[in-house]
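*Asks:* Going by our numbering, the sequence shown opens with residue -17, and the numbers climb by one from there.
Yeah, the Cβ is synthetic: ideal placement off N, Cα and C, and Gly gets one too.
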Amino acid sequence: MEETRSGWKPSPVFSSMPHSMGRGSREDIVWEALERVDGKPAPSMGAMQAAMGNEAQIRVVHDVIRRYLDTQGLQSTGELGARAGRSE
-17 MEETRSGWKP
-7 SPVFSSMPHS
3 MGRGSREDIV
13 WEALERVDGK
23 PAPSMGAMQA
33 AMGNEAQIRV
43 VHDVIRRYLD
53 TQGLQSTGEL
63 GARAGRSE
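(1) On the premise that D20 lies in contact with S58, defined as a C-beta separation below 8 Å, what is that separation, rounded to the nearest angstrom?
(2) Could you check how far apart the C-beta atoms of I40 and A64 are, in whole angstroms? I think they sit under 8 Å.
(3) Rounded to a whole number of angstroms, what is the C-alpha to C-alpha distance between G55 and E61?
(4) Let's test the definition: count the other Cβ atoms within 10 Å of the Cβ of V43 and tell me whether it reaches 16, buried, or not, exposed.
(5) Note the first and the last residue of the continuous alpha helix (DSSP H) segment covering S7.
(6) R8 to M27, Cα distance in whole Å?
Take a look at the structure:
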């Protein structure tokens, strides 16, 4: 399903309850993890604080993406796109 909100940017800060409980929330987590794989710094917070929000899920998704790229010998999602024949 395509995102229909105009001007929407992925963010761990949610704009509505339906968004935070649905697909939009999951998309935000994946977007944030992809941005971190490509170099965006992670916020500093303790394990308890991370576990109470989306941070723990973002870290898991980041780790999975990073491991996948590492097994493919790639440094970034841009390299993955280039290998797949797409431009960055």
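*Replies:* Answer, in terms of the structure:
(1) 5 Å
(2) Going by Cβ atoms, the distance from I40 to A64 rounds to 25 Å, so no, they are not a contact pair.
(3) Rounded to whole angstroms, G55 to E61 spans 9 Å at the Cα level.
(4) buried
(5) 5 to 19
(6) 21 Å
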